[in-house]
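Peer 1: Next up is a structure, given as structure tokens.
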Ligand code: 1HN
């Protein structure tokens, strides 16, 4: 057996040793190993909830203080209370509520980050993606996959507000952020009629040579509420709710059936009145937006009341249980797509 000639004052000798490592840009693994390689996810994000009704007046106040053009994007970021100043709602994802007032334009830009929009208020403003407008209606899901030019405009006479979900912290961690701005700080010229993407990609038909046209992420960038809500209703009639997830559907990319975007997955859930889901946890922290109904979401034993406009974040590996008082309809997004690509994603259905 190897023997060590131990100094008599071991602690002092170790401290002296550590002090001499620092200027060499070295550190002893044994002091940090247990915190680095944890038996299960140990996220710094905590469970937290916001309500659209409380944020909306603050966003309208922002509307009096700064224009969309000045701000580029007039957004209030939903910051996880345990990660203040870090522009993130989970460790990997960003969420914010964006306001565009009648007559305003949020100028065209593009970036490496993927974005999704979930419409919360208003009817008929638009996002333009690479020159094609998607007119927004409440609870539609609209995508802005990485590196596509996009701008927003509001030609209606009412404010338009939506939730932005982006993979900003993830891209930041990878130091892979790139962005470009349109020189004139205006909108991108319209090149295709509104509805083009839905007709080409939303009809269960795929071009045989899809690689020529679908090189840039998901080409179907609008998932109307009227369609996904109707699907949940049919699902409820067709089958019993899943014990842990109730009726849960994933929005998919029509090119390959995979996640809506390279880094983020999005889901629609219906929990029928009176149904309680069994405890479940997954390694993707999830942002939930309540669309309809009332009930509760219990996260690691902490109870959050659910009502339309509630935005509730479930941290990675936290136990979640939905209970529906009346039919609950919930939209969610997470980094599941990233974790699955990296063979990291896990779930536990207790
Ligand atoms: C962005 O491009 C939008 O296009 C919104 O509406 C929020 C936050 C960070 C980086 C880019 C948008 C954003 C963003």
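In our numbering, the protein residues as written are 527 to 876. We treat Cβ as the ideally placed atom computed from N, Cα and C, and that holds for glycine.
(1) Going by other Cβ atoms of all chains shown within 10 Å of its Cβ, with 16 needed for buried, is residue 704 buried or exposed?
(2) Which whole runs of the alpha helix (DSSP H) in the stretch 702–763 are 4 residues long or more, in chain order?
(3) CB of residue 760 to nearest heavy atom of ligand 1: below 6 Å?
(4) Let me know the secondary structure DSSP gives residue 687 once reduced to three states.
(5) Measuring alpha carbon to alpha carbon, tell me which of 767, 871, 755, 807 ends up nearest residue 855.
(6) State the DSSP-derived secondary structure class of residue 581, mapped to helix, strand or coil.
(7) Taking C-beta to C-beta, are residue 677 and residue 654 nearer than 7 Å?
(8) Span of the alpha helix (DSSP H) holding residue 540?
(9) Sorted by chain position, which residues of the same chain lie with C-beta nearer than 7 Å to residue 841's C-beta, five sequence neighbours on each side aside?
(10) Please look up how many angstroms separate the CB atoms of residue 675 and residue 714, rounded, as I've assumed it's under 8 Å.
(11) Can you tell me whether residue 602 is helix, strand or coil according to DSSP?
(12) I need the DSSP call for residue 550, collapsed to helix, strand or coil.
(13) Let me check you understand the geometry: is the CB of residue 697 closer than 6 Å to at least one non-hydrogen atom of ligand 1?
(14) Given a cut-off of 7 Å, decide if residue 624 and residue 690 are closer than it, judged by their beta-carbon atoms.
(15) In the DSSP assignment, find the unbroken beta strand (DSSP E) run with residue 645 in it and report its ends.
(16) Between the Cα of residue 706 and the Cα atoms of 764, 728, 633, which residue gives the shortest distance?
(17) Could you please give the first and the last residue of the uninterrupted alpha helix (DSSP H) stretch that includes residue 694?
(18) Counting by C-beta, which residues lie closer than 5 Å to a heavy atom of ligand 1, in chain order?
(19) Let me check one thing: in DSSP terms, what residues is residue 791 bridge-paired to?
(20) Roughly how many angstroms separate the alpha carbons of residue 663 and residue 834, rounded to a whole number?
(21) Within this structure, are the beta carbons of residue 746 and residue 721 separated by less than 7 Å?
(22) So residue 606 and residue 651 are supposed to be a Cβ contact under 8 Å. How far apart are they, rounded?
(23) Could you pull the start and end residues of the beta strand (DSSP E) that residue 655 belongs to?
(24) Just the C-alpha distance for residue 771 and residue 629, rounded to the nearest angstrom, thanks.
(25) For residue 828, which three-state DSSP category applies?
(26) Helix, strand or coil: how does DSSP classify residue 556 here?
(27) CA-CA distance, residue 785 and residue 866?
(28) Identify which residue in 802, 604, 819, 788 has its Cα closest to the Cα of residue 921.
(29) What residues in its chain sit with their C-beta under 8 Å from that of residue 830, if we drop five residues either side in the sequence?
(30) Candidates 684, 775, 621, 596: which alpha carbon is nearest residue 757's?
(31) Would DSSP call residue 849 helix, strand or coil?
Peer 2: Checking against the coordinates, here is how it stands:
(1) Here residue 704 is taken as the residue at index 178 of the chain shown, counted from 1. Counting Cβ neighbours within 10 Å, residue 704 comes out exposed, since fewer than 16 surround it.
(2) 722–727
(3) Translated into positions along the chain shown, residue 760 becomes position 234. For ligand 1, not one heavy atom lies less than 6 Å from the Cβ of residue 760.
(4) In the chain shown, residue 687 corresponds to position 161, counting from 1. Residue state, collapsed to three classes: strand.
(5) The sequence position of residue 855 within the chain shown is 329, counting from 1. Minimum Cα distance to residue 855 is reached at 755.
(6) Translated into the one-based positions of the chain shown, residue 581 becomes position 55. Residue 581: helix per DSSP, three-state reduction.
(7) Counted from its first residue, the chain shown places residue 677 at position 151. Counted from its first residue, the chain shown places residue 654 at position 128. The answer is yes: Cβ separation under 7 Å.
(8) Here the question's residue 540 lines up with position 14 in the chain shown. Element bounds for residue 540: 536–547.
(9) Counting from one through the chain shown, the residue named residue 841 turns up at place 315. Answer for residue 841: 569, 571, 572, 573, 616, 811, listed in chain order.
(10) For the purposes of this step, residue 675 is taken as residue 149 along the chain shown, with counting starting at 1. For the purposes of this step, residue 714 is taken as residue 188 along the chain shown, with counting starting at 1. Indeed they touch by this definition, with Cβ atoms about 5 Å apart.
(11) In the chain shown, the residue the question calls residue 602 occupies position 76. It is a strand residue.
(12) In the chain shown, counting from the first residue as 1, residue 550 sits at position 24. Looking at residue 550 - three-state DSSP - the assignment turns out to be helix.
(13) Here the question's residue 697 lines up with position 171 in the chain shown. No, the beta carbon of residue 697 sits no closer than 6 Å to any heavy atom of ligand 1.
(14) On the chain shown, residue 690 is found 164 positions in, with the first residue counted as 1. On the chain shown, residue 624 is found 98 positions in, with the first residue counted as 1. Yes, they are a contact pair.
(15) For this step, residue 645 is matched to residue 119 along the chain shown. Per DSSP, residue 645 belongs to the beta strand (DSSP E) from 641–647.
(16) For this step, residue 706 is matched to residue 180 along the chain shown. Checked all of 764, 728, 633; the closest Cα to residue 706 is 633.
(17) By one-based count along the chain shown, residue 694 stands at place 168. Residues 694–699.
(18) 599, 690
(19) What you label residue 791 is simply residue 265 of the chain shown in a count that begins at 1. Bridge partners of residue 791: 860.
(20) Walking along the chain shown from the start, residue 663 turns up at place 137. Walking along the chain shown from the start, residue 834 turns up at place 308. So the two alpha carbons sit approximately 16 Å from each other.
(21) As a working note, residue 746 is residue 220 in the chain shown. As a working note, residue 721 is residue 195 in the chain shown. Not in contact: residue 746 and residue 721 (Cβ atoms no closer than 7 Å).
(22) For the purposes of this step, residue 606 is taken as the residue at position 80 of the chain shown. For the purposes of this step, residue 651 is taken as the residue at position 125 of the chain shown. Not really, about 28 Å apart at Cβ, beyond 8 Å.
(23) One-based indexing of the chain shown puts residue 655 at position 129. From DSSP, the beta strand (DSSP E) with residue 655 extends over 652–655.
(24) The count along the chain shown starts at 1 and reaches residue 771 at position 245. The count along the chain shown starts at 1 and reaches residue 629 at position 103. So the two alpha carbons sit approximately 42 Å from each other.
(25) Working through the chain shown from its first residue, we reach residue 828 at position 302. The answer is strand: DSSP assigns residue 828 an E or B state.
(26) By 1-based counting over the chain shown, the position of residue 556 is 30. The answer is helix: DSSP assigns residue 556 an H, G or I state.
(27) Looking up residue 785 in the chain shown gives position 259. Looking up residue 866 in the chain shown gives position 340. Spanning the two alpha carbons is a distance of roughly 10 Å.
(28) Residue numbering for the chain in the displayed model covers 527 to 876; residue 921 lies beyond these limits and cannot be assessed.
(29) As a working mapping, residue 830 is identified with position 304 in the chain shown. Counting only Cβ-Cβ distances below 8 Å, and skipping sequence neighbours, we find 573, 575, 822, 823, 824, 836, 838.
(30) Along the chain shown, read from residue 1 onward, the residue named residue 757 stands at position 231. Comparing Cα-Cα distances from residue 757 to each of 684, 775, 621, 596, the minimum goes to 775.
(31) Mapped onto the chain shown, residue 849 falls at position 323. In the structure shown, residue 849 sits in a strand (DSSP, three-state: E or B).
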